[in-house]
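For the sequence shown, our numbering begins at 198 and goes up steadily by one.
All C-beta atoms, glycine included, are put in the ideal place defined by N, C-alpha and C.
Treat the numbers as computed from the prediction; the structure is a model and nothing was measured.
To start, the structure itself, in structure tokens.
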Amino acid sequence: VWRFSDTGVLDTEGFNSPMGYITDAPTGTWSYGNAVGIVGSDEIMVAGRIYDFSSNHMALWRIDASGALAFTTTDSSAATQAAYGMATADIGDGYKVAITGNSGTATGQQMAIWMYDTDGNAISTFGNNGLMTFPPANSGDTSTGYSIAFDPTLNKLIVTGEITSTDTRMSLWKFDITNNALDSSFNSTGYVSFNDLNTTRGQSLVLDTSTNPYKLLVTGRVGIVNSLDMITWRYQSNGLPDSSFNGSQHYIVHNSAAGGNRNDWGNDIAIDSDGKIIIGGQSESLSNNDMAIWRYR
198 VWRFSDTGVL DTEGFNSPMG YITDAPTGTW SYGNAVGIVG SDEIMVAGRI YDFSSNHMAL
258 WRIDASGALA FTTTDSSAAT QAAYGMATAD IGDGYKVAIT GNSGTATGQQ MAIWMYDTDG
318 NAISTFGNNG LMTFPPANSG DTSTGYSIAF DPTLNKLIVT GEITSTDTRM SLWKFDITNN
378 ALDSSFNSTG YVSFNDLNTT RGQSLVLDTS TNPYKLLVTG RVGIVNSLDM ITWRYQSNGL
438 PDSSFNGSQH YIVHNSAAGG NRNDWGNDIA IDSDGKIIIG GQSESLSNND MAIWRYR
């Protein structure tokens, strides 16, 4: 974890001085941080995975505001796990950390949601001792969550990722924390998969709360002919496509940002103060792989 000032200077005085960063890997492991969030008094939560050269396990770290490691906790309830997305919110009885990724076996991974408090304790009332997994409807399919958010009520969670069968499809899930179940008001099933194009993944999501009810924006990638292109979708809060976004199509595809007509994809998405959509990702040219930023109005 690195910390910078708002002018882009590494915080060597206030964060794990004199380093400005902190690293951690338990002895005999490799560690990967994939998502970060802020709770309480500028404490940092990091979610990812720890590989012990036998299995991968979901991992959660807390770094104090001074840059000191407060704790590391892992989940060993399945043979292979990984965390890719995280959301934090004070839901009335203190901050909670919601994490998404996958859990299962090497050939049978299922989208997973974990719920922890900021002291690293699993919320026992959430799912099975803090973990919920969501088997795809078809036996043999696999699924992964890559991004997660609390909705404005703070009692619903929304996840984007993918379900893989004979093809890979961007998927959205909506989970009711109170009832410990998928929200049946969301596309009547609690989830939706995008089937209009082949080989799609939802990599990141953001809620557009400028409208009531809110809307869901998702960015990721889509397979077009022999390459991947950046794609962004917009859905209504009930899981139905938003036909006011790019006409009735409800999605936008862009390719060749760096030239060369190779791979482009969106890795993260945000909405600026003017309501414009900002997407960060990458674009492959004939000779380089470039960082890319797109903005839509």
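DSSP-derived helix/strand/coil call for residue i
| i | result |
| --- | --- |
| Gln306 | coil |
| Gly358 | strand |
| Ser228 | strand |
| Ser445 | helix |
| Arg459 | coil |
| Val422 | coil |
| Tyr411 | coil |
| Asp393 | coil |
| Glu210 | coil |
| Val403 | strand |
Contacting residues, own chain, Cβ-Cβ under 7 Å from residue i (five flanking each side not counted)
| i | result |
| --- | --- |
| Pro349 | Thr406 and Tyr411 |
| Thr365 | Glu359, Thr396, Thr397 and Arg398 |
| Ala489 | Ala454, Ala455, Asp461, Gly478, Gln479 and Ser480 |
| Thr209 | Pro215, Met216 and Gly217 |
| Phe498 | Past the edges of the chain, shown from 198 to 494, lies residue 498, and the structure says nothing about it. |
| Ser321 | Gly327 |
| Ile219 | Val198, Asn213, Ile260, Gly264 and Leu266 |
Same chain only: Cβ atoms within 6 Å of residue i, ignoring 5 sequence neighbours per side
| i | result |
| --- | --- |
| Trp370 | Val356 and Tyr388 |
Beta-carbon separation (whole angstroms), residue i vs residue j, contact threshold 8 Å
| i | j | result |
| --- | --- | --- |
| Thr315 | Val236 | 5 Å |
| Val415 | Trp430 | 5 Å |
| Val243 | Trp258 | 4 Å |
Residue i - partner residues in DSSP beta bridges
| i | result |
| --- | --- |
| Met216 | Answer is none; Met216 lacks a bridge partner. |
| Ile474 | Ile468 and Tyr493 |
| Thr271 | Ala256 |
| Ser481 | The sequence given here places Glu at residue 481; Ser does not occur at that position. According to DSSP, Glu481 bridges with Asn486. |
| Tyr388 | Trp370 |
| Tyr292 | Asp287 |
| Ser453 | Ser453 pairs with nothing; no bridge assigned. |
| Leu437 | According to DSSP, which records beta bridges pairwise, Leu437 is partnered with nothing at all. |
| Gly245 | Gly230 and Ala256 |
Cutoff 8 Å; reference residue i; Cβ partners in own chain excluding five residues on either side
| i | result |
| --- | --- |
| Gln433 | Pro410, Lys412, Leu413 and Asp439 |
| Leu379 | Phe331, Trp370, Lys371, Phe372, Asp373, Thr386, Gly387 and Tyr388 |
| Ser300 | Met255, Asp272, Ser274, Ala275, Thr277, Gln278, Gln306, Gln307, Ala309, Leu328 and Thr330 |
Next on the checklist: Ignoring anything shorter than 4 residues, give me the alpha helix (DSSP H) runs that lie fully in the region 311-381, in order along the chain.
Outcome noted: Whole alpha helix (DSSP H) segments, 4+ residues: zero.
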